[in-house]
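Quick note on numbering: the sequence shown equals residues 1 to 224 in the UniProt record's numbering.
All C-beta atoms in this analysis are idealised placements derived from N, C-alpha and C, irrespective of residue type, glycine included.
Note that the coordinates shown come from a computational prediction; the quantities given were computed from them, not determined experimentally.
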Amino acid sequence: MALAPAADPIRIDIVSDVICPWCFLGKRRLDLALKMVPEIPFEIVFRPFQLDPTIPDGGVDRRERLAAKFGGIDRVRATEERLVELGREIGVAFHWDEVRLSPNTLDAHRLIRWATEAGVGAAMADRLFEMYFSEGRDIGDAAVLVEAAGELGLDTALVAERLGSEIDADSIREEVEEAQRIGVTGVPCFILDRRYAVMGAQEVEVLADAFKQLAEEKRIARIG
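Below, the structure is given as structure tokens:
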């Protein structure tokens with residue numbers, strides 16, 4: 001009896017920014033969707049996006065920035081309340097009163113890249129989301145990033161040295177620009193097998209159904 005060809009993993013490129021609450025929600029919904037389809041292998045790759053690359057070192061007041069961007073503090077608070085409700089449904093904690101700063105996320109994206117090289121990129125992204133939204137930590141602060149690196153087993157001395165340099169900074173900026181060139185205007189964006197884009201923090205079932213459909217397409221293609 002001939003054996004069926006082994007299934008190739010579905011590659012998911014997650015374009016996101018670590019100060020985007022919808023990206024945190026989307027990441028946790030993705031985790032739940034993956035558990036719904038344990039028979040499908042996946043490769044998860046985080047790709048950088050910066051909602052505001054002009055934020056200076058040291059960050060800016062988060063609510064002031066968002067109020068200016070979205071038309072007032074009432075709109076900001078309404079969105080925060082909605083996110084708290086959505087997060088509660090899947091165990092995501094948004095502690096808004098502790099999240100005072102909007103940091104520049106370039107260094108956080110560099111750290112995620114280095115973590116990816118060590119095989120813990122998705123775990124690092126998840127930890128930075130937690131630090132920022134659930135713990136109110138400043139993920140633009142090198143000391144906080146080094147702490148996260150240590151938690152996931154990275155060489156903290158090496159990470160601190162790299163953060164004090166410009167290593168990978170231009171490359172991250174180029175990746176952000178490339179995402180914009182291919183049409184990514186908002187995040188999160190899940191790119192499946194470099195063919196399909198799923199925009200936004202979709203419901204768990206929507207993601208799982210998309211994975212099943214793509215896995216079936218790949219199965220049919222394998223057997224000809």
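Give me the Cα-Cα distance between residue i and residue j, rounded to the nearest whole angstrom.
i, j, result
"VAL92", "ALA125", "14 Å"
"GLU39", "PRO21", "29 Å"
"ARG97", "ALA179", "Per the sequence presented here, residue 97 reads as Asp, with Arg not at that position. About 32 Å."
"residue 226", "PHE49", "In the structure as shown, the chain starts at 1 and stops at 224, and residue 226 therefore has no counterpart that could be examined."
"PRO41", "ALA68", "43 Å"
"ARG181", "ILE172", "14 Å"
"ALA108", "ARG127", "11 Å"
"PRO56", "ARG100", "15 Å"
Smallest Cα separation from residue i: which of the options?
i, options, result
"THR79", "ARG63, GLU89, LEU163", "ARG63"
"ARG47", "LYS27, GLU175, GLY150, GLY164", "GLU175"
"SER134", "LEU106, ARG88, GLY164, GLY150", "ARG88"
"ASP141", "GLU216, HIS95, ARG195, GLY58", "GLY58"
Quick check on residue i: buried or exposed, where buried means 16 or more other Cβ atoms within 10 Å of its Cβ?
i, result
"VAL206", "exposed"
"PRO5", "Because PRO5 sits at a pLDDT of 45, beneath the cut-off of 50, its placement in the model cannot be relied upon, and the following sentence gives the value as read from the coordinates. Exposed is the call here."
"LYS27", "buried"
"PRO103", "buried"
"LEU3", "Confidence is the limiting factor: at LEU3 the pLDDT is only 34, short of 50, which leaves the residue's position unreliable and the question unanswerable from this model."
"ALA221", "exposed"
Query raised in the report: Does the segment 69-82 come close enough to the segment 198-209 to have 3 or more Cβ pairs within less than 8 Å?
Result: no
Query raised in the report: Quick one: any contact between the segment 82-101 and the segment 152-170, if contact means 3 or more CB pairs under 8 Å?
Result: no
Query - Cβ contact check for the segment 30-38 and the segment 203-217: 3 or more pairs under 8 Å - result: yes
Query - the segment 181-193 touching the segment 11-18, judged by at least three CB pairs closer than 8 Å - result: yes
Query raised in the report: Curious, which full-length alpha helix (DSSP H) runs of at least 4 residues does the segment 179-223 contain?
Result: 204-223
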